[in-house]
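To start, the structure under review is shown below, and the notes come after it.
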Amino acid sequence: MKNPSITFISAGAGSGKTTRLTELLYEKLISGRVRPEGIIATTFTTKAAAELRERVRTLLLNRNEQRLATLVAEAQIGTVNSICGTMLRRFAFELGMSIEQNVMDEQVSMLQLSKAVDEAVGPGDIDLLSRLSYRLGYIDSQTRELKWKDHVKSVVDLSRSNNISPEKFDRFARQNADDLLSLFPDPLEQEPDKELLDAIAELVAHVTSVLEGPGRTVKKTVSYLEHLRRFEQALRHDTYSWSDWIALSLDEPQKKTLQEHTSRVRELCIAVARHPRLHDDIRQYLERVFDVARRTLVIYQQQKLQAGLVDFTDQEARFLEGLQRPEIRKAIGEKLDLLMVDEFQDTSPIQLALFLQLASLAKETYWVGDSKQAIYGFRGGDTQLMQAVLDFLPDGSKEVLDSSWRSVPSLVGVSNALFIPAFSQHLCASEVRLAPRRDEHPSQPSFQHWQLGKGPLREQYKALASGVEMLVSRGGQEVFDKHDGVWRPVEYGDIAVLARTNTHVQQIAAALREGGIPVATVQPGLLQTPEAVLVLAGLRRVIDPSDTVSTAEIYSLLTCKEPEEWIAERLDYLRSGSPSDQWLESGEWSHPVLEELAFLRSRTPLLSPAEVLQAVIHVMAAPVHILSWCKDPDEARIRMLNLDSLLPLAHQYEQECLAGQQAPTLHGLLAWLYRCYSDGLDLFPEPPVNAVRVLTFHKSKGLEWPVVVLCDLDQAGKTDHCVPTVTSLTGVDASDPLRDRFIRFWPCPFGRNKGFIPVRDVLESTPLQEAAAYARQESLRLFYVAVTRARDCLVLATHSRSGEMAWLEEVGASCLVDGDEGGIHLPDGSFLPCSRMDCTLLSEHDTFSRERSRPLHWFAPSSSPTQRLPEQVSPSLQRSSTPAVVDDEVLYGSSLEMKTEGSASRLGSALHDILAFGLIQRPVYFRPQAVERMLNAHGVAGMVAAEDLVRQVQAFRSYCMDRWNGADILVEVPIQQRLSTGQVLGGQIDMLLDTPSGWIIVDHKTGPAAYREREFRVMEYIGQLQAYAGALEQLTGRPSKECLINFLAAGVIATVSMKRD
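The numbering of the sequence shown is full-length UniProt numbering, which starts it at 1 and goes up by one.
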């Protein structure tokens, strides 16, 4: 495909890509060649889309183009999925879709897909897949979980991102098995297990006799004997893995006299590639994985269809499908003046197909990206496919941004010297070389090498913390302040530390915190912080009044007492004979926070889970207590931001329940939060404070910092042959990049570390050679991203052990840790000044001598701090300040039979809706059929008879009309009042009767309540009724004459008499 309308802009790191896009849009709009409504521009993130739109608008306003600046809002600038969503709504009729799309985010989609996998596998599948997964060695080294589910999900994800039909999966399984096993040696006619067991028994006896004989016992020989016996047991009980055979073939006793007796066992083990069962295992595993993946896709699609849901890939696939229809192509082609695609190198195959289709319709197309920064292959990106499409573009259709506006000249020189030769196989020098546009610092070097010692990682990361502290505390290092245009001393917030894995990120962050250095990291662990533990303990106490462990957690965190002290208090309480579960909640032993939580417990049926969590934070005065733990403002900001992050998690839970058509509950919220913790999804927010950023190399893409410290340089990229990948069997067709896409999956049975070494033909095959080359290129691209994040100073932090830095050696950058004291000789012959530091020699005094305990000075010190009131006040949480009594109870109906097990909240919501509907509709429309539909819609069908419910509501309506003849009935009345404290009281009154003499307030209670319970329940809701009455009188100037509670299930209405302040 040679489309002259497509221009590819190659934008290296820091080359001013966003500025160029802004100028391009401005020029097209000013020239009149492009209409604002004729623009489609996709970005990788919503933040990038907002920045691009705002930059274009600002530039237009600065040039007095107010009309165009206003019309920019009509341009479609957003993420790929937001653009697809807009297009699907526009062409919903043509595609047979609803205009309203309930779009799942990635986390909800992952949850639904996991459910689909669980539903797709039967008991037989689980047993077989588990045995095969164990024997083939697919076990997570840390969690010990079997990995067959990961393989199923990978196949599903690849098929969807490449628009591959699941009908091809059976053929894929057979072809993968045939291709892989054709490279193995032919299987033996009989299994060698019995012969191997005999050989092992003979060898065990011989080794044992030697060890029991005269002479010194050699430890390695004893270990070898134990290895033999373990393997023998595993072989007899069929609990071995195929890698066990290889491990035994490589082991040997130390005594040379024994080594000649091991030859038969070694020969049989090393010939494991010919084992018939191994061949069967590989074939069966492929068949099962692809079959489960096929069923998973079908179930996942059915789940979404039934729930009216779509995910991001659905949006892309449906829009791509729509672009094949002539009427849609015509409509888009008439309007599309300009197509711009940012971060083109990170597009998935299905997105690439979309962009090609849109490019064929657009008058002008610009793809902007940098193939050197294509590091998201693990997310489905395919750099080979993208490069093949770019190669079809005409020679004159490429533009290169060749200036670096980010880094100082010496760091730009490092990048040029390292990466021009490194990328020479795929890119010419002009596509890599950047010309520096900044000035160098007048005196300090921009490159540093830190030695972290020879110890374990914990000690190395402690030394790293010493280096960071030294960099900041001594004040010698300067960075350029872009805002003020001057060089100034470096601060914590100017520094980023990059590591290879999430585990190392957490370990580095822990070492920095231990050293008293403020840290910001988007990593899991939020729910382990003291502030989260305090709030979750409060939530557990509200849910379960017998949970005294939560009481202990709350008391210890609020009082900061030592365990010995509060345990002694607990024992004294128990000896007093008081109820065990009411410790600190009532009586002389009570604590005000526990009392408030007990009161909140009675209000939880009226609140959503997120509202309960918010109320817990409020009644515990969590911010006040959390601030008391902090030693300086930065720590306080971080802890308060952690606290603020808990409520969005609760809202996310409620949204997932809504998407899955499930009722959110308090128990469900708590379980969901703990699942987030166990799955590593409780991410810290990134605080806007003066703190060192710690993150992985992958997550640093698109970001920059004045100082960047690179760790884990001794770890080269690993080629994992045991994961599914996608390839094009017949080569890439630029006009149809998804044609003949094939999912290749060659499961390796010998372990990730050994790979296919026992089978040389597999190791030397074209697919594996291509995979290894691809992995090396991906590793090189990742190193390029890492090096180009720094603006003013780049630091390499390495261990001090002898030997090569594997990653640097792999990417041809080992010169960076060589050189003499003065500097480094780069591959192009240039010399780079380098500052070296042995971080292990920094003394504890020099490193952490600064006093970090500063007052929290953003509010005035006070001997008795003022409690800050929440802005929003819920009427349901209000307590009565005056006594009240039940004047009268009237039976207007009969008792309803209801089933509320497990769904009381959903049933209550449904009954409130039905009451509102029945009270304002004419009786002819309020029929059992309509009520049945409403019960079905709420998912509570069968919990109460529709006919009984209609009779009860009609009886209640008749009672009201007889008692307050001529009164107007109002339902679900929203009300909001600003209190004298400045707070805002907001709520919704279930029912109002507007009578000539004033308001009649009715509050519906739908749960069952026996006679003796009702008076107690009335007392619970007095505060809420008082709040409504006071608000009504202030807002309308009319009195509230009566307050009543309608116990629908009992058919009873209670009149409440109370005095109000």
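Even glycine gets a Cβ: it sits at the ideal position worked out from N, Cα and C.
Keep in mind the model is a prediction, meaning the values are calculated, not measured.
Any idea if isoleucine 1053 is buried or exposed, counting beta-carbon neighbours within 10 angstroms, 16 or more meaning buried? buried
Could you tell me the alpha carbon to alpha carbon distance between isoleucine 332 and glutamate 74, rounded to whole angstroms? 15 Å
Given histidine 845, which residues of its chain have a CB within under 6 Å of its CB, disregarding the five upstream and five downstream residues? Only weak support is given to the placement of histidine 845: the predicted model assigns it a pLDDT of 47, under 50, and the value that follows is read from those uncertain coordinates. Excluding sequence neighbours, histidine 845 sits near nothing in its chain.
Segment limits, beta strand (DSSP E) that includes cysteine 1043: Element bounds for cysteine 1043: 1040-1047.
Leucine 729 versus Lys147, Ile824, Arg741 and Met110, residue with shortest Cα-Cα distance: Arg741
Bridge-paired residues (DSSP) for alanine 1054: Glu889 and Ile1045
Pick helix, strand or coil for serine 864, following the three-state DSSP scheme. The predicted position of serine 864 is uncertain, since its pLDDT is 49 and thus under 50; a value taken from the coordinates is nonetheless stated next. Under the three-state reduction of DSSP output, serine 864 falls in the coil class, being neither helix nor strand.
Rounding to the nearest angstrom, what Cα-Cα distance links alanine 84 and phenylalanine 312 in this structure? Residue identity differs from the one stated: residue 84 is cysteine in this sequence, not alanine. Rounded to the nearest angstrom, the two C-alpha atoms are 9 Å apart.
So, for threonine 365: in the same chain, excluding its five sequence neighbours on each side, which residues have a beta-carbon less than 6 Å away from its beta-carbon? Ser5, Ile6, Leu339 and Ala359
Could you say which of Arg318, Leu61 and Asp888 lies nearest to phenylalanine 91 if we only look at CA atoms? Nearest to phenylalanine 91 by alpha-carbon distance, out of Arg318, Leu61 and Asp888, is Arg318.
I'd like the list of long-range same chain contacts for histidine 651, defined as Cβ closer than 8 Å, with 5 residues on each side in sequence excluded. The answer, listed in chain order, is Ala610.
Taking the runs of the beta strand (DSSP E) that are 3 residues or longer, which of them lie wholly in the segment 462-497? Qualifying beta strand (DSSP E) stretches, in chain order: 478-481 and 486-489.
Does the distance from the C-beta atom of alanine 417 to that of leucine 826 stay below 7 Å? yes
In whole angstroms, what is the alpha-carbon distance linking valine 490 and valine 400? 33 Å
By Cβ distance below 8 Å, which residues in the same chain neighbour glutamate 932 in space, the five residues on each side in sequence not counted? The answer, listed in chain order, is Ala941 and Ala946.
Would you list, in sequence order, the uninterrupted alpha helix (DSSP H) runs of no fewer than 4 residues that lie entirely inside the segment 521-598? 530-543, 548-559 and 563-575
Who are the near neighbours of isoleucine 543 in its chain, counting only those whose CB is closer than 6 Å to its CB and skipping five residues on each side? Leu666
Assigned secondary structure, proline 276 (DSSP; H/G/I helix, E/B strand, else coil): helix
Comparing alpha-carbon positions, which option in Ile626, Ala552 and His625 lies nearest serine 590? Nearest C-alpha to serine 590 among Ile626, Ala552 and His625: Ala552.
Flag this pair as yes or no: are the beta carbons of valine 432 and valine 694 separated by less than 7 Å? no
Based on Cα-Cα distance, which residue from Met837, Val1002 and Gln977 lies nearest to leucine 915? Per the Cα distances, Val1002.
Are the CB atoms of valine 368 and aspartate 337 nearer to each other than 7 Å? no
Is it the case that the Cβ atoms of glutamate 810 and serine 779 are separated by a distance below 7 Å? By the CB criterion at 7 Å, glutamate 810 and serine 779 fall inside the cutoff.
Cβ neighbour criterion (16 or more within 10 Å) applied to threonine 45: exposed
Which of helix, strand or coil DSSP assigns to proline 974: Residue state, collapsed to three classes: strand.
Check tyrosine 366 in the structure and name its three-state DSSP category. It is a strand residue.
Nearest-angstrom Cα distance between aspartate 481 and alanine 790? 14 Å
Taking the beta carbon of threonine 788 as the centre, do at least 16 other beta carbons fall within 10 Å, making it buried, or is it exposed? buried
Do aspartate 962 and leucine 896 have their beta-carbon atoms positioned less than 7 Å apart in this structure? no
Please identify the residue among Ser182, Pro605, His426 and Phe599 whose C-alpha is closest to the C-alpha of glycine 1007. Pro605
Give the straight-line distance between the Cα atoms of threonine 521 and lysine 631, rounded to the nearest whole angstrom. 20 Å
For the alpha helix (DSSP H) containing methionine 640, name the first residue and the last one. 633-644
Exposed or buried, what is phenylalanine 93 when buried is set at 16 or more other beta-carbons lying within 10 Å of its beta-carbon? exposed
Apart from the five residues just before and just after proline 187, which ones in its own chain have a Cβ nearer than 6 Å to its Cβ? Arg274, Pro276 and His279
Does serine 133 pass the burial test, meaning 16 or more other C-beta atoms within 10 Å, or should it be called exposed? buried
Excluding the five sequence neighbours on either side, which residues of its own chain have a C-beta within less than 7 Å of the C-beta of leucine 574, listed in chain order? Ser580
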